[in-house]
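Engineer: In numbering that gives the first Met the number 0, the protein residues as written are 0 to 424.
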Amino acid sequence: MRTIVIQQQTQKQIVVIGGGVMGVCSAYFLAEAGHQVAVVEQRSNVAEQSTLGNSGILSAGAALPWAVPGMRRKILAGMFNQEAPNVLNARFDPTLWRWMRRWMAESEIQRFRSHTHQMQRLASYSQDLLEQIQQHFQLDFEQSPGLLRLFRSEAELAALAPTRELLTECGVAHQLLDEAGARLQEPALASAGKLAGGLYFPDLGSGNCTLFTKQLKAILQGLGVQFHFDSKVSAIVPQGAQVALHIDGNVLLADAVVCATGGASAQLLKPLGLRLPLHAIKTYTATATVKNYEVAPRMAMLDGSYQVTMARIGDRIRLAGIAEFGAQDMTFDDKAMRTLLKVAHDWFPDAANFNSASFWCGHTPMLADEVPLVGHTGASNVFVNIGHGGSGWSMALGAAKVLADQVDGRAPEIDLDGLTVARYR
0 MRTIVIQQQT QKQIVVIGGG VMGVCSAYFL AEAGHQVAVV EQRSNVAEQS
50 TLGNSGILSA GAALPWAVPG MRRKILAGMF NQEAPNVLNA RFDPTLWRWM
100 RRWMAESEIQ RFRSHTHQMQ RLASYSQDLL EQIQQHFQLD FEQSPGLLRL
150 FRSEAELAAL APTRELLTEC GVAHQLLDEA GARLQEPALA SAGKLAGGLY
200 FPDLGSGNCT LFTKQLKAIL QGLGVQFHFD SKVSAIVPQG AQVALHIDGN
250 VLLADAVVCA TGGASAQLLK PLGLRLPLHA IKTYTATATV KNYEVAPRMA
300 MLDGSYQVTM ARIGDRIRLA GIAEFGAQDM TFDDKAMRTL LKVAHDWFPD
350 AANFNSASFW CGHTPMLADE VPLVGHTGAS NVFVNIGHGG SGWSMALGAA
400 KVLADQVDGR APEIDLDGLT VARYR
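1. Would you check if the distance between the CB atom of T308 and the CB atom of I56 is smaller than 7 Å?
2. Which one or two residues does DSSP pair with Q405 in a beta bridge?
3. Answer with buried or exposed for K193, where buried requires no fewer than 16 other C-beta atoms within 10 angstroms of its C-beta.
4. So, is V4 buried or exposed, given that buried needs 16 or more other C-beta atoms within 10 angstroms?
5. Starting from the N-terminal side, write out each stretch of the alpha helix (DSSP H) that is 4 residues or longer and does not extend beyond the segment 139 to 210.
6. May I have the straight-line CA-CA distance separating A285 from D328, to the nearest angstrom?
7. What are the start and end residues of each continuous alpha helix (DSSP H) run of 4 or more residues lying completely inside the segment 37 to 93, in chain order?
8. Using only CA atoms, which one of L402, G272 and L340 lies nearest to R424?
9. Going along the chain, which residues of its own chain have a beta-carbon closer than 8 Å to the beta-carbon of K341, five neighbours each way excluded?
10. Give the list of continuous beta strand (DSSP E) stretches no shorter than 3 residues that lie fully inside the segment 295 to 373.
11. So is G18 buried or exposed if we call it buried at 16+ other beta carbons inside 10 Å?
12. Taking C-alpha atoms, which residue in S152, P237 and M103 lies nearest to G69?
13. Going by beta-carbon coordinates alone, are P411 and V401 separated by less than 7 Å?
14. How is K213 classed by DSSP in three states: helix, strand or coil?
15. Buried or exposed: F111, going by 16 or more other Cβ atoms within 10 Å of its Cβ?
16. Checking 7 Å against the spacing of the C-beta atoms, do G197 and L183 come in under that value?
17. Report all residues from its chain with a CB closer than 6 Å to the CB of E178; omit the five preceding and five following residues, and keep chain order.
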């Protein structure tokens with residue numbers, strides 16, 4: 000067995016496992032702090048798994064748990080609808096059912112409120128950090144301002160009061176719009192179907208997550224960060240004052256390791272005594288090229304009924320959503336694709352060639368409480384940055400900065416209550 004040692008030590012030699020947006024953001028703040036950093040990724044480049052299928056939504060207004068109050072009823076109702084925000088593969092899988100029971104329990108109103116506060120804390124912090132990085136490096140990742148959450152019925156609007164109260168508590172800027180106001184805010188809605196109103200979030204709304212991640216990779220390479228692609232980590236083993244990573248028959252030694260590898264994290268961390276309720280939820284996207292720019296949306300949208308997002312990314316529109324529970328394969332579910340296309344045709348039927356859209360599906364690792372897990376694992380010099388779910392990009396930079404501060408032994412700039420492994424101890 001051959002041992003590889005990272006060269007040119009500065010303060011610490013740190014390995015980040017995972018080349019998605021979480022891993023690359025983690026590497027950025029660690030390198031900025033002066034550490035010698037290496038990123039290990041099993042694919043041939045960064046942003047080739049969950050990040051590749053990112054919704055494009057980049058807004059604190061969208062950083063809310065999927066498990067909203069009443070989720071159990073919504074899951075059951077969706078089983079009998081041809082178009083629904085959730086798809087349940089109801090085969091006998093004890094692990095899935097245990098996770099779903101725990102997940103649906105988290106939708107209880109007080110837990111939902113607590114989790115929202117924790118996610119918003121990271122998302123708002125991330126937004127501030129993104130503005131600083133964007134201005135400093137003059138990044139252009141096809142970003143667009145504004146997110147508009149659409150409501151199809153007066154009943155949906157009437158049920159919105161608790162959510163607005165919660166957003167106000169979290170300091171998220173938003174404005175309630177009636178039908179005329181929503182259509183005025185987004186002129187492309189002029190010919191859309193029934194619209195009861197909208198909730199407008201004025202801050203940054205969408206962008207190209209894959210492009211952003213690759214731009215950050217280029218910055219990291221300029222800082223001397225090493226990228227090891229086509230390399231799969233099979234074990235993390237604390238070894239005295241260092242940590243050994245077993246990679247394809249080799250051993251990579253470092254002073255600290257950050258696990259940001261999504262779905263593979265639970266298996267890697269289990270031998271270290273950390274048992275996490277992490278489950279891979281299958282999600283979908285449909286991306287179509289704009290054909291009529293005058294009727295294409297300018298800002299990001301969220302359909303409140305179907306929990307489908309619509310993001311303008313350059314000359315494309317990306318629809319994303321649908322949570323499929325229990326699917327391990329990569330086949331496309333007909334119900335999921337029908338739902339995405341229905342939402343597109345309901346709101347912007349003439350904007351793009353939706354019927355020739357390219358579809359993507361992938362697995363988004365999600366903890367039962369949907370709150371990210373950031374920081375020390377309790378095992379010597381092993382850290383995590385995982386479990387961000389569907390709102391990952393909106394929280395990525397904040398989580399990465401908090402992580403880097405913990406690695407350095409500095410007090411993070413935000414409250415860590417509910418974000419650390421203490422909740423699983």
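Every residue gets a Cβ at the ideal spot worked out from N, C-alpha and C, and that includes glycine.
Structural biologist: Looking at the atomic coordinates:
1. yes
2. Q405 is not bridged by DSSP to any residue.
3. exposed
4. Confidence at V4 is low in this model, with a pLDDT of 42, below 50, so its placement is unreliable and no value can be given for it.
5. 153 to 157, 160 to 168 and 178 to 184
6. 18 Å
7. 70 to 77
8. G272
9. E82 and Y305
10. 299 to 302, 307 to 312, 315 to 324 and 357 to 366
11. buried
12. M103
13. yes
14. helix
15. buried
16. no
17. L194 and G196
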